[in-house]
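Student: The numbering of the sequence shown is full-length UniProt numbering, which starts it at 1 and goes up by one.
Virtual Cβ for every residue (Gly too), placed ideally from N, Cα, C.
Take a look at the following structure, please.
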Amino acid sequence: MAAENEKMTPSVETFAADAQKAVTEQVEKASKSFETVSAFGQETMEAMLKSQGIAAKAAEELQAEVMAYTKKSVEETVAHAKELGSVHSLAELVEKQTAFAKVSFDSMMRQSARVNEMLVSATKDAMAPFNARVAASVDLMKSTAA
């Protein structure tokens with residue numbers, strides 16, 4: 001029996017050492033995974049804050065653009081109203097009003113296109129940090145699957 005115990009002791013010790021090594025490796029792997037996920041979450045939060053900053057700046061720029069256009073439009077309308085006060089005939093009134101309506105409409109269409117371009121650009125810029133995070137998440141998934 002003593003001989004059997006002597007034969008089993010190295011096997012049990014080897015098994016225990018292997019088990020300890022496997023547990024240690026799994027704990028280290030889990031710890032690294034937690035660190036990776038934590039860092040990824042932090043980077044995603046930073047991307048969200050960056051995106052919000054970009055969106056806030058774009059909103060300010062859009063507001064300034066709309067306010068400037070509105071001011072210009074009101075000034076032009078007041079000047080046109082004064083001009084209409086000096087007309088001498090109905091034909092002249094219709095001619096001036098038609099010309100002003102055309103200029104105003106063209107101006108509004110150009111401004112609408114400009115605001116649309118600003119919105120598209122702002123959306124693209126604000127989404128860039130999120131797009132980068134999506135790409136990073138795909139890379140992270142690929143690396144953990146490998």
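Taking buried to mean at least 16 other C-beta atoms within 10 Å of its own C-beta, is Ala145 buried or exposed?
Tutor: Working through the sequence shown from its first residue, we reach residue 145 at position 145. Counting Cβ neighbours within 10 Å, Ala145 comes out exposed, since fewer than 16 surround it.
Student: If you scan the UniProt domain "Phasin" (35-134) from start to end, which runs of the alpha helix (DSSP H) of 4 or more residues do you find wholly inside it?
Tutor: DSSP runs (the alpha helix (DSSP H)) wholly in the UniProt domain "Phasin" (35-134): none.
Student: Looking only at C-alpha atoms, which of Glu65, Leu49, Glu43 sits nearest to Arg114?
Tutor: For the purposes of this step, residue 114 is taken as the residue at position 114 of the sequence shown. Of the listed residues, the one whose Cα sits closest to Arg114 is Glu65.
Student: Please tell me whether Pro129 and Ser38 are closer than 8 angstroms, where the distance is taken between their beta carbons.
Tutor: Mapped onto the sequence shown, residue 129 falls at position 129. Mapped onto the sequence shown, residue 38 falls at position 38. Against a cut-off of 8 angstroms, the Cβ pair of Ser38 and Pro129 comes out as no contact.
Student: Mind reading off the beta-carbon distance from residue 147 to Met118? Whole number of angstroms is fine, and I expect it under 8 angstroms.
Tutor: The first residue shown for the chain is 1 and the last is 146, placing residue 147 beyond what the model contains.
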